[in-house]
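K.L.:
Remember, this note's numbering sits 764 above the position in the sequence shown when you count from 1.
Beta carbons are placed, not taken as given, at the ideal position from N, Cα and C, and that holds for glycine.
Please read all numbers here as calculations on a predicted model, not as lab measurements.
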Amino acid sequence: MPSISSFAAQSATSPLAPYQIERRDVGPKDVQIAIEYCGVCHTDIHQSKNDWGASNYPVVPGHEIIGKVSALGSEVKHLKIGQRVAVGCFVDSCHTCTSCNADLEQYCLNGFTATYNSATKDPGGFTYGGYSKSIVVDKHFVLTLPDGLDPAGAAPLLCAGITTYSPLRHWGIGPGKTVGIIGLGGLGHMGVKLSHAMGAKTVMITTSKNKAADAMKLGAHEVLISTDAMAMQAMTNQFDFLLNTIPVPHDFNHYMPLLKVDGTMCIVGSVGPTADLNTGPLIFGRKSVAGSLVGGIKETQEMLEFCAKHNIVSEIELIKMDEINQAYERMLKSNVKYRFVIDMNSMG
Ligand SMILES: NC(=O)c1ccc[n+]([C@@H]2O[C@H](COP(=O)([O-])OP(=O)(O)OC[C@H]3O[C@@H](n4cnc5c(N)ncnc54)[C@H](OP(=O)(O)O)[C@@H]3O)[C@@H](O)[C@H]2O)c1
Ligand SMILES: [Zn+2]
Ligand SMILES: [Zn+2]
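#1: Taking C-alpha atoms, which residue in Thr928, Gly803, Tyr801 lies nearest to Leu958?
#2: Along the chain, which unbroken stretches of the alpha helix (DSSP H) at least 4 residues long are found entirely within the stretch 819-892?
#3: DSSP has Met1029 in a bridge; who is on the other side?
#4: Put Met1085 into one of helix, strand or coil per three-state DSSP.
#5: Expressed to the nearest angstrom, what Euclidean distance is found between the alpha-carbon atoms of Gly944 and Gly1112?
#6: Across which residues does DSSP place Val901 in a beta bridge pair?
#7: To the nearest angstrom, how far is the alpha carbon of Met980 from that of Met996?
#8: Would DSSP call Thr777 helix, strand or coil?
#9: Measuring alpha carbon to alpha carbon, tell me which residue in Glu1063, Glu1069, Asp1107, Val823 is nearest Gln870.
#10: Under the assumption that Val901 contacts Ile797 (Cβ atoms under 8 Å), give the Cβ distance between them as a whole number of angstroms.
#11: On the CB-based measure, 16 or more other CB atoms within 10 Å of its CB, does Phe1048 come out buried or exposed?
#12: Cα separation between Trp935 and Val956?
#13: Suppose you measure from the CA of Val840 to the CA of Lys793; what does that come to, to the nearest Å?
#14: Look at Cys923 and Glu1079 and say whether their C-beta atoms are less than 8 Å apart.
#15: Alpha carbon to alpha carbon, what distance is there between Leu1006 and Asn1042?
#16: Taking 8 Å as the cut-off, does the stretch 909-918 touch the stretch 1067-1079 (at least 3 CB pairs, one atom from each stretch)?
#17: To which residues of the same chain is Thr991 closer than 8 Å at the C-beta, ignoring the five residues directly before and after it?
#18: Could you round the C-beta distance between Ser819 and Ser898 to whole angstroms and report it? I think they count as a contact, below 8 Å.
#19: Please return the same chain residues whose Cβ sits closer than 7 Å to the Cβ of Leu951, not counting the five positions on each side in sequence.
#20: On the premise that Glu1069 lies in contact with Leu910, defined as a C-beta separation below 8 Å, what is that separation, rounded to the nearest angstrom?
#21: For Glu786, does the three-state DSSP call read helix, strand or coil?
#22: Between Leu958 and ligand 1, is the CB less than 7 Å from at least one heavy atom?
#23: So what's Ala984 in DSSP terms, helix, strand or just coil?
#24: As an exercise, report each continuous alpha helix (DSSP H) stretch of at least 4 residues that is fully enclosed by the stretch 924-996, in chain order.
#25: With DSSP run on the structure shown, which of helix, strand or coil describes Ala1039?
#26: Could you give the DSSP three-state label for Phe1016: helix, strand or coil?
#27: Under 6 Å Cβ to Cβ from Met1020, same chain only, skipping five residues before and after it: list those, please.
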């Protein structure tokens, strides 16, 4: 088995550093991909630093993967060598449960296999992600990249894009709806672009005054500074839907008054247990707090087609692999415009 260059965290406190991994041989249903670009998601930081207490080291992060097919299993007929393809947040599921049968592999009742840090029979015992030169993935979990999408800018669509697209679709966002996107980072900037393209009135809700001009350029119709009590008060009962991308524990009650009667705040930031939720505003406005996890394979392909049609990619800062630790530091300070993408050619 050839040794493949990657970058890995060896412990919760060690910086990411070069590490050699092995991948499984290409099986009949498998696609081998030479990775060109990998986006940097805040989840990569959570997992590298064991924020969720379930990291298995070494962690090779990365689930926003774009590359070219370099080998195909005998049963893979719909792809060609050299074709540009993509892989998102998971690489296997049971294929038989009600969720899998409904194209909702992300909610697989038997547990999906995440692109990294999930138990696998592959070498190493846990999946290794896209901060590496190549990957081998079951054909069902390989997306095709529509023509016209810039490959580096498209990488973040595989997580930030689908994680915001899926709830916007699920909650019927379109013309006539008012949507607030909370947090202008990787997910948030895709949320603004997608909500705008779906025809909703889109408001960027941010803690960072200095991001207001960018938010408008990205497609926000208005910007609401969430630390401005007067501005927040003025927007009471205005929103049909809030998409909350904040990556740290925070007080949900701060945002609930923004919702109209029957409005929903969907949480996508994995923040664990949170401060007490005041049930009064929920009951007195029939409001909901919900959650959402990435999106299924069929919906991810649909999202890529939607982005191609609307000319949407991520705003990226292209970095070299060995700049990853500085990129993490900047993301932890909310200082990224608006997604780091690693150029995998920068790694030997
Ligand atoms: N559910 C899913 O399927 C899924 C998928 C991918 C990622 N995630 C999770 O989603 C979260 C966001 O990921 P990301 O990659 O978008 O992160 P990111 O690029 O770091 O952006 C997060 C943004 O949240 C805001 N923020 C940060 N700290 C805050 C605080 N203390 N109070 C209020 N706002 C704060 C900042 O925006 P402003 O400066 O505008 O305030 C920041 O730019 C992470 O927890 C990640 O693990 C979930
Ligand atoms: Zn992600
Ligand atoms: Zn399943």
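P.N.:
Reading from the atomic positions:
#1: Residue mapping note: residue 958 aligns to position 194 of the sequence shown, counting from 1. Of the candidates Thr928, Gly803, Tyr801, the one whose C-alpha sits nearest the C-alpha of Leu958 is Thr928.
#2: 862-865
#3: As a first step, residue 1029 is located in the sequence shown; it is residue number 265 there, counting from the start. Paired residue(s): Leu1006, Val1053.
#4: Here the question's residue 1085 lines up with position 321 in the sequence shown. Of the three classes helix, strand and coil, the one that applies to Met1085 here is helix, per DSSP.
#5: Taking the first residue of the sequence shown as 1, we reach residue 944 at position 180. Taking the first residue of the sequence shown as 1, we reach residue 1112 at position 348. Each residue's Cα considered, the two are about 42 Å apart.
#6: Translated into the one-based positions of the sequence shown, residue 901 becomes position 137. BP columns for Val901 point to Val795.
#7: Position 216 of the sequence shown holds residue 980. Position 232 of the sequence shown holds residue 996. Taking the straight line from one Cα to the other gives about 18 Å.
#8: Position 13 of the sequence shown, counted from the start, is the residue given in the question as residue 777. If DSSP states are grouped into helix, strand and coil, Thr777 belongs with coil.
#9: Along the sequence shown, one-based indexing puts residue 870 at 106. Nearest C-alpha to Gln870: Glu1063.
#10: Counting from one through the sequence shown, the residue named residue 901 turns up at place 137. Counting from one through the sequence shown, the residue named residue 797 turns up at place 33. Confirmed, Cβ separation roughly 7 Å.
#11: Counted from its first residue, the sequence shown places residue 1048 at position 284. Per the 10 Å Cβ criterion, exposed.
#12: By 1-based counting over the sequence shown, the position of residue 935 is 171. By 1-based counting over the sequence shown, the position of residue 956 is 192. About 15 Å.
#13: Locating residue 840 in the sequence shown gives position 76, counting from the first residue. Locating residue 793 in the sequence shown gives position 29, counting from the first residue. C-alpha separation (whole angstroms): 6 Å.
#14: Here residue 923 is taken as the residue at index 159 of the sequence shown, counted from 1. Here residue 1079 is taken as the residue at index 315 of the sequence shown, counted from 1. Not a contact, by the Cβ cut-off of 8 Å.
#15: Taking the sequence shown and counting its residues from 1, the one referred to as residue 1042 is at position 278. Taking the sequence shown and counting its residues from 1, the one referred to as residue 1006 is at position 242. The straight-line gap from Cα to Cα measures roughly 17 Å.
#16: yes
#17: Taking the sequence shown and counting its residues from 1, one reaches residue 991 at position 227. Around Thr991: Thr971.
#18: Start at 1 with the first residue of the sequence shown, and residue 819 comes out as number 55. Start at 1 with the first residue of the sequence shown, and residue 898 comes out as number 134. Their Cβ separation, rounded to whole angstroms, is 23 Å, which puts Ser819 and Ser898 out of contact at 8 Å.
#19: Taking the sequence shown and counting its residues from 1, one reaches residue 951 at position 187. For Leu951, where only same-chain residues beyond five positions count, the Cβ hits under 7 Å are Ala924, Thr927, Thr928, Thr1009, Val1032.
#20: Mapped onto the sequence shown, residue 910 falls at position 146. Mapped onto the sequence shown, residue 1069 falls at position 305. Just to set this straight, residue 910 is Pro in the shown sequence, not Leu. That pair is a contact at about 6 Å.
#21: For the purposes of this step, residue 786 is taken as residue 22 along the sequence shown, with counting starting at 1. Looking at Glu786 - three-state DSSP - the assignment turns out to be strand.
#22: To locate residue 958, count along the sequence shown from 1; it is residue 194. No; taking the cut-off as 7 Å, the Cβ of Leu958 has no heavy atom of ligand 1 nearer than that.
#23: Locating residue 984 in the sequence shown gives position 220, where the first residue counts as 1. Here Ala984 sits in coil by DSSP.
#24: 924-934, 950-961, 976-982
#25: Residue mapping note: residue 1039 aligns to position 275 of the sequence shown, counting from 1. The answer is coil: DSSP assigns Ala1039 none of H, G, I, E or B.
#26: Against the sequence shown, residue 1016 aligns to sequence position 252. If DSSP states are grouped into helix, strand and coil, Phe1016 belongs with the helices.
#27: The sequence position of residue 1020 within the sequence shown is 256, counting from 1. Closer than 6 Å at the Cβ level, and outside the excluded window around Met1020, lie Pro1045.
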